[in-house]
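Read through the structure below, which is laid out as structure tokens, and then see the notes.
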Amino acid sequence: MIGVFDSGSGGLTILQALQKSMPDQDFLYFGDHKNAPYGHRQNDQIVELTRTGVEHLMQNGCKLVILACNTAAAIALRSLQQNWLEEAFPGNRILGVLVPMVEAITGVDWASSTPDTSISDEILLFATRKTVSSGAYREEVAKRAPNIKLIEKACPGLVDAIEGGAGKAPISGMISGYVSELGPTNASAAVLGCTHFPIVESQFRSALGPETKIVSQPDVVAASLRDYLIRHPDFASKGQGSTRYLTTGDAVHVTKISRAFCGDNGTFVSVGAV
Ligand code: DGL
Numbered sequence: 016m017i018g019v020f021d022s023g024s025g026g027l028t029i030l031q032a033l034q035k036s037m038p039d040q041d042f043l044y045f046g047d048h049k050n051a052p053y054g055h056r057q058n059d060q061i062v063e064l065t066r067t068g069v070e071h072l073m074q075n076g077c078k079l080v081i082l083a084c085n086t087a088a089a090i091a092l093r094s095l096q097q098n099w100l101e102e103a104f105p106g107n108r109i110l111g112v113l114v115p116m117v118e119a120i121t122g123v124d125w126a127s128s129t130p131d132t133s134i135s136d137e138i139l140l141f142a143t144r145k146t147v148s149s150g151a152y153r154e155e156v157a158k159r160a161p162n163i164k165l166i167e168k169a170c171p172g173l174v175d176a177i178e179g180g181a182g183k184a185p186i187s188g189m190i191s192g193y194v195s196e197l198g199p200t201n202a203s204a205a206v207l208g209c210t211h212f213p214i215v216e217s218q219f220r221s222a223l224g225p226e227t228k229i230v231s232q233p234d235v236v237a238a239s240l241r242d243y244l245i246r247h248p249d250f251a252s253k254g255q256g257s258t259r260y261l262t263t264g265d266a267v268h269v270t271k272i273s274r275a276f277c278g279d280n281g282t283f284v285s286v287g288a289v
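As structure tokens, then:
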């Protein structure tokens with residue numbers, strides 16, 4: 016069984032792409048709705064909350080956990096890999112969304128030690144304030160493709176608006192605001208670096224205009240995991256394509272909002288019930 020961790024329901028956008036791309040895998044989804052959003056929490060809190068969620072997934076049989084949440088991946092992944100995982104769950108793995116996204120942005124393999132200076136481009140990154148201030152995307156892109164100018168834009172309030180079920184018009188207004196605050200750019204592509212943002216991709220599309228390509232994080236992450244499982248078959252679940260959904264929040268409410276905002280038909284149960 017493969018674990019998928021997110022601060023809330025946004026990770027369902029990633030989960031849906033994983034299910035579609037790997038229909039024979041079993042997944043266990045964990046949404047930390049009680050503590051969401053992570054985007055304005057302190058780093059040590061994000062590390063501890065992420066550790067707790069991953070621990071729960073691993074205690075329930077996941078040898079591999081995907082941190083779908085960009086904020087958790089940017090702030091907590093390295094610390095958990097280096098300081099906790101091997102001692103707590105030897106042989107298990109945690110993967111984040113940053114690696115495949117940086118590879119998709121730069122076209123350079125994560126493990127490559129040679130930067131590619133031939134690529135020069137402007138790319139937009141929309142993310143939570145925390146992901147932007149972590150500098151994680153910026154640093155990793157610069158190491159691999161120093162001539163790519165990554166223009167980052169924090170979108171404060173957008174996660175809350177999406178989870179809170181704000182209507183199309185106010186969300187479009189917020190997104191147009193973020194885009195116009197950037198001013199004119201020559202960006203060829205935009206990355207929606209937050210699991211919630213694909214839900215409002217059409218509003219980003221309208222605000223950005225047709226000439227800016229949107230890089231689909233769910234598709235990139237799914238392709239990357241598929242490839243990883245081919246290379247590391249021990250982490251594949253050999254299952255029947257089932258998914259279970261856990262939340263730290265109110266399971267009935269979370270099931271309802273998840274259906275409403277991304278059409279996911281999963282029924283959440285409270286982590287206390289597992
Ligand atoms: N899921 C988070 C991400 O991808 C955003 C939500 C939050 O701030 O908790 O960054």
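Position in the sequence shown (from 1) plus 15 gives the number in this note's numbering.
Beta carbons: idealized from backbone N, C-alpha and C, even for Gly.
- In this structure, DSSP gives residue 104 a state outside helix and strand, which the three-state scheme calls coil.
- Judged by DSSP secondary structure, residue 28 falls within the alpha helix (DSSP H) whose first and last residues are 27 to 36.
- Annotation for residue 52 indicates a beta carbon within 7 Å of some heavy atom of the ligand DGL.
- For residue 76, the number of other beta carbons within 10 angstroms of its own is below 16, and it is reported as exposed.
- Excluding sequence positions up to five before and after residue 46, its CB lies within less than 6 Å of the CB of 21, 23, 24, 262, all in the same chain and listed in chain order.
- Note on geometry: alpha-carbon atoms of residue 38 and residue 188 lie some 37 Å from one another.
- Judged by their CB atoms, residue 194 and residue 173 are not nearer to each other than the 8 Å cut-off.
- Contact between residue 204 and residue 230 holds, with the beta-carbon distance rounding to 6 Å and staying under 8 Å.
- Residue environment: residue 59 is assigned as exposed (fewer than 16 neighbouring CB atoms within 10 Å of its CB, all protein chains considered).
- Taking 7 Å as the cut-off, one finds at least one heavy atom of the ligand DGL near enough to the beta carbon of residue 22.
- Between residue 202 and residue 169 the beta-carbon gap is near 16 Å, outside 8 Å, which marks them as no contact.
- In the three-state reduction of the DSSP assignment, residue 226 falls in the coil class, being assigned neither a helical nor a strand state.
- Annotation: residue 258 to residue 242 spans about 20 Å, alpha carbon to alpha carbon.
- In this structure, DSSP gives residue 262 an extended state, which the three-state scheme calls strand.
- The way I'd put it, the region 52 to 68 doesn't touch the region 117 to 128; fewer than three beta-carbon pairs between them come closer than 8 Å.
- Taking a cut-off of 8 Å for Cβ pairs, the region 124 to 141 and the region 90 to 101 do not touch, as fewer than three such pairs fall below it.
- Across the structure, residue 197 and residue 74 are spaced so that their CA atoms are roughly 44 Å apart.
- The shortest CA-to-CA distance from residue 49 to any of 36, 64, 251 is the one to 64.
- By the criterion of at least three beta-carbon pairs nearer than 8 Å, the region 27 to 35 is in contact with the region 273 to 286.
- Taken through DSSP and simplified to helix, strand or coil, residue 81 comes out as strand.
- Each of 151, 171, 158, 267 was checked against the Cα of residue 126, and the nearest Cα belongs to 158.
- With a 10 Å radius around the Cβ and a threshold of 16 neighbouring Cβ atoms, residue 217 comes out exposed.
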